[in-house]
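K.L.:
Which chain is which? The protein sequence lines are V and X, in order.
So for the first sequence, our numbering puts the first residue at 3; every next one is plus one.
So for the second sequence, our numbering puts the first residue at 79; every next one is plus one.
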Amino acid sequence: MASDEKRPSPIRTDGTAGFFEAAKHGEFSLQYCGQCEQFSFTGYKYCPHCYATTDWRPSEGIATVKSFAIVPESSLGGFKELLPYAVVNAVLSEGPILSLRYDGEAADVAIGQKVKIAFDDSGSDETTPVWAPL
Amino acid sequence: MSGTLQNSHLAAVAGLGMTEMGRVYGQTAMDFAVQAVGLALDDSGMDKNDIDGLLISGGLCSYLNMPDAVSMHLQKALGLQDLKLVNEVNAYGATAAAMLQLAALTCAAGQTDAVVCVFADAPLQEKPTAGYGTAINVGTGVESLNGASGILNAATQFAMATRQHMEKYGTTSEHLAEIAVATRAWAAMNPLAQKRDPITVADHQNSRMIADPLHLLDCCVVSNGGIAVIVTSLERARDLKQPPVRILGWGQGHPGEREDRMIHTGAKMSGQQALQMAGTKLSDIDIRQIYDCFTYTTLVTLEDYGFCAKGEGGEAFANNRLGPGGDLPTNTGGGQLSSYYMWGMTPISEAVIQTRGQAGERQVPNHDLTLVSGNGGVLQYHASLVLGADT
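1. Is the beta carbon of G344 (chain X) sitting closer than 8 angstroms to the one on Y459 (chain X)?
2. Using C-beta distances below 7 angstroms, list every residue in its chain close to A394 (chain X), excluding the 5 sequence neighbours before and after it, in chain order.
3. Does L230 (chain X) get closer than 8 angstroms to chain V when you measure Cβ to Cβ?
4. Between the Cα of R316 (chain X) and those of X:S86, X:A90, X:L270, spot the shortest distance and give me the residue it belongs to.
5. How would you call R241 (chain X), buried or exposed, if buried means at least 16 neighbouring beta carbons within 10 angstroms?
6. From the DSSP output, in three-state form, read off W58 (chain V) for me.
7. Tell me the start and end of each unbroken alpha helix (DSSP H) in the segment 329-371 of chain X that is at least 4 residues and wholly inside, in chain order.
8. Need the endpoints of the alpha helix (DSSP H) that N224 (chain X) sits in, please.
9. Spell out the partners DSSP gives P10 (chain V) in its beta bridges.
10. Report the residue ranges of all alpha helix (DSSP H) runs contained in full by the segment 144-209 of chain X; include only those spanning at least 4 residues, in chain order.
11. Tell me whether K246 (chain X) sits in a helix, a strand or coil according to DSSP, three-state version.
12. Ends of the alpha helix (DSSP H) at V112 (chain X)?
13. One question on the structure: do T507 (chain X) and G303 (chain X) come within less than 8 angstroms of each other, judged by their Cβ atoms?
14. Are the CB atoms of S348 (chain X) and A186 (chain X) within a distance shorter than 8 angstroms?
15. List the endpoints of the continuous alpha helix (DSSP H) containing P135 (chain V).
16. Please report how far the alpha carbon of S417 (chain X) lies from the alpha carbon of A437 (chain X), in whole angstroms.
17. Identify every residue that forms a DSSP beta bridge with M287 (chain X).
18. Name the two residues that bound the continuous beta strand (DSSP E) containing Y459 (chain X).
19. DSSP state of G403 (chain X), grouped into three classes?
20. Does the beta carbon of D290 (chain X) sit closer than 8 angstroms to a beta carbon anywhere in chain V?
21. Considering just the uninterrupted stretch of the beta strand (DSSP E) at Q432 (chain X), what are its terminal residues?
22. Can you tell me where the beta strand (DSSP E) with L305 (chain X) in it begins and where it stops?
23. Measure from the C-beta of V89 (chain V) to each C-beta in chain X and report whether the shortest distance is under 8 angstroms.
24. From X:L119, X:N165, X:A175, pick the residue whose C-alpha is nearest to that of I325 (chain X); which is it?
25. Within the continuous beta strand (DSSP E) that includes R103 (chain V), where are the two ends?
26. Quick one: which residues of the segment 176-198 of chain X get their C-beta closer than 9 angstroms to a C-beta of chain V? List them in chain order.
27. Could you please tell me which residues of the segment 101-123 of chain V, in chain order, have their CB closer than 7 angstroms to any CB of chain X?
28. Compare the Cα-Cα distances from N444 (chain X) to each of X:G391, X:T375, X:G411, X:I365 and report the closest residue.
29. Quick check: what's the CA-CA separation for L484 (chain X) versus L178 (chain X)?
30. Could you name the residues of chain V that E245 (chain X) contacts, counting a contact when the two beta carbons are closer than 8 angstroms?
31. Apart from the five residues just before and just after G100 (chain X), which ones in its own chain have a Cβ nearer than 6 angstroms to its Cβ?
32. How big is the Cα-Cα spacing for F30 (chain V) and E252 (chain X)?
33. Using a Cβ-Cβ cut-off of 8 angstroms, state whether N224 (chain X) counts as contacting chain V.
34. Please identify, using Cβ separations under 7 angstroms, the residues of the segment 407-421 of chain X that lie next to chain V, in order along the chain.
35. What in chain X is Cβ-close to T44 (chain V), meaning under 7 angstroms?
36. With a threshold of 8 angstroms between beta-carbons, can R241 (chain X) be considered close to chain V, or not?
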């Protein structure tokens, strides 16, 4: 049964509007700098490597799990129906590191495992990226 | 000395004020801050008019924009005018140590005479509308993905850090339990501690899971209260009521988002600087006061300071080596894990008490040199102090 309480929604900013708009259409994107040809994910418009302006560029969203935690209980509504859930810290093949909820059996996560971005729009106002087993 | 103000080590802590801490209701963070400053003045024997600098640090109340969080309004609340230094300082858990550094620098340089450094917080509510575990600062943009992902508290983040260490070095939950047990044994002798009943490794293992692999007994307490520390020149401190606690060395090390910061923290960089400035070495340190928001933070900080080979902290700090009677006395007041959570002021306050020789039943026999750590964010920020007796 779905909870009445919503999960906290991501909040769009000028620097992340492109990301969340793409996410709504099921596309994962990272910031890319045409000047130094590196990816980033700061959510701020300038490249953290060379300070040139970045664009959002589609990514396959494939990453390797660096670490994870399993949340057995939560007093916040919206997550109760997912308990226990894992959160996964993973490094994308393009370089940036991202911690997101794991959309799969918490007990199955392992360090070194490959994961892929998926999207969840069931819990909050914005579409939220999650890690899914690859 | 190149790169170092010549007399920068000639400052001292002259006053310590600690309010009642823990589940103390009916007072705001600003109320605690004012009380703490009054207590620090009494402790030092100084007069309010002697203070010409104020450094301010808020805790969770400030982070969450709660009413009456400490702020720049503290100068007004304290009735202080024409100060030579006022700053709100923020490096999260590294703030308190950073405040003492700035205070020491300005006092040793003769820019200020006496600077009071204040931390106060009141996140616990008698009838909670939002507890510490659930009151989240959702942030915006990329930051807001944490809350949306169910990463609702620091425990979940530190659980991921801990698991990285476990995976790479074979650290176990029982190793962390040893730290919790040793810290609680110190707390049992501290009248200020919120948790004083002794615990065992089994108690730790049986405590509920907060964010696997961290159990409840891996996590710090939460406290309302305030602590103020008065810094002045060593010369001035020698004429005051309390034995001076010298601020001999300091350093900071802020990894930011460095990829391996969860297992290689800023403690290494900041600790080396602090020891070098103090002209001392690790083996001369008598007592360690470590920022212990979680048991893992104690373990990784001691490792990065160099108290054992990297990765071997689990075994190296077991068997009560950190506890009463152990050869590496650490967090002798019970730390944040068992005593009180005043962010970076927890380790500093206990360092002052021990260095003065005022720790009563839990006094460590050798207390000339103490290494103090402050850890901020999820291991992004670090500051260290070497405090010493005026021998």
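All C-beta atoms, glycine included, are put in the ideal place defined by N, C-alpha and C.
Computed from a predicted model, the values in this text were never measured in an experiment.
P.N.:
Reading from the atomic positions:
1. Position 266 of the second sequence holds residue 344 (chain X). Position 381 of the second sequence holds residue 459 (chain X). Contact flag set, yes.
2. On the second sequence, position 316 is the one that residue 394 (chain X) refers to. C386.
3. Taking the first residue of the second sequence as 1, we reach residue 230 (chain X) at position 152. Taking Cβ atoms only, chain V reaches closer than 8 angstroms to L230 (chain X), which makes this a yes.
4. Within the second sequence, residue 316 (chain X) is the residue found at index 238, counting from 1. When only C-alpha atoms are compared, the closest one is X:A90.
5. If you number the second sequence from 1, residue 241 (chain X) lands on position 163. The residue is buried, with at least 16 neighbouring Cβ atoms inside 10 Å.
6. Here residue 58 (chain V) corresponds to residue number 56 of the first sequence, with the count starting at 1. Three-state result, W58 (chain V): strand.
7. 345-356
8. Looking up residue 224 (chain X) in the second sequence gives position 146. Element bounds for N224 (chain X): 223-226.
9. Residue numbering aside, residue 10 (chain V) sits at position 8 when the first sequence is read from its first letter. P10 (chain V) is not bridged to any residue.
10. 152-155, 173-186
11. Taking the first residue of the second sequence as 1, we reach residue 246 (chain X) at position 168. If DSSP states are grouped into helix, strand and coil, K246 (chain X) belongs with the helices.
12. Along the second sequence, one-based indexing puts residue 112 (chain X) at 34. For V112 (chain X), the enclosing alpha helix (DSSP H) stretches over residues 107-122.
13. Outside the displayed range of chain X (79 to 469) lies residue 507 (chain X), so it cannot be described from this structure.
14. Here residue 186 (chain X) corresponds to residue number 108 of the second sequence, with the count starting at 1. Here residue 348 (chain X) corresponds to residue number 270 of the second sequence, with the count starting at 1. The answer is no: Cβ separation not under 8 angstroms.
15. In the first sequence, residue 135 (chain V) corresponds to position 133, counting from 1. Premise fails: P135 (chain V) lies in the beta strand (DSSP E), 130-135, not in any alpha helix (DSSP H).
16. Within the second sequence, numbered from 1, the residue matching residue 417 (chain X) stands at position 339. Within the second sequence, numbered from 1, the residue matching residue 437 (chain X) stands at position 359. C-alpha separation (whole angstroms): 14 angstroms.
17. As a working mapping, residue 287 (chain X) is identified with position 209 in the second sequence. DSSP, once it has assigned bridges, lists X:H293 as partnering M287 (chain X).
18. Residue mapping note: residue 459 (chain X) aligns to position 381 of the second sequence, counting from 1. Unbroken beta strand (DSSP E) run through Y459 (chain X): 459-467.
19. The sequence position of residue 403 (chain X) within the second sequence is 325, counting from 1. Coil.
20. By 1-based counting over the second sequence, the position of residue 290 (chain X) is 212. Yes, contact with chain V.
21. Taking the first residue of the second sequence as position 1, residue 432 (chain X) is located at position 354. Not the beta strand (DSSP E): Q432 (chain X) falls in the alpha helix (DSSP H), residues 423-434.
22. Within the second sequence, residue 305 (chain X) is the residue found at index 227, counting from 1. In the sequence under discussion, the amino acid at residue 305 (chain X) is Ile, which differs from the Leu named in the question. Segment 303-311, the beta strand (DSSP E) holding I305 (chain X).
23. Position 87 of the first sequence, counted from the first residue, corresponds to residue 89 (chain V). Yes, because at least one Cβ of chain X sits closer than 8 angstroms to the Cβ of V89 (chain V).
24. For the purposes of this step, residue 325 (chain X) is taken as residue 247 along the second sequence, with counting starting at 1. Considering only alpha carbons, the answer is X:A175.
25. If you number the first sequence from 1, residue 103 (chain V) lands on position 101. 99-103 is the extent of the beta strand (DSSP E) around R103 (chain V).
26. For the segment 176-198 of chain X, the beta-carbon criterion of a distance under 9 angstroms to any beta-carbon of chain V is satisfied by none of its residues.
27. S101, L102, R103, I113
28. Translated into the one-based positions of the second sequence, residue 444 (chain X) becomes position 366. Cα-wise, what sits closest to N444 (chain X) is X:I365.
29. Absent from the model: residue 484 (chain X). The displayed extent of chain X is 79 to 469, so no value can be given.
30. If you number the second sequence from 1, residue 245 (chain X) lands on position 167. Those are S69, I113, listed as they occur along chain V.
31. Working through the second sequence from its first residue, we reach residue 100 (chain X) at position 22. Result list for G100 (chain X): Q272, S301, in chain order.
32. Numbered from its first residue, the first sequence carries residue 30 (chain V) at position 28. Numbered from its first residue, the second sequence carries residue 252 (chain X) at position 174. Roughly 40 angstroms between the two C-alpha positions.
33. On the second sequence, residue 224 (chain X) is found 146 positions in, with the first residue counted as 1. True, the Cβ-Cβ gap to chain V drops below 8 angstroms.
34. none
35. Start at 1 with the first residue of the first sequence, and residue 44 (chain V) comes out as number 42. The answer, in chain order, is V220.
36. To locate residue 241 (chain X), count along the second sequence from 1; it is residue 163. Yes, R241 (chain X) lies at the interface with chain V (some Cβ there is under 8 angstroms from its Cβ).
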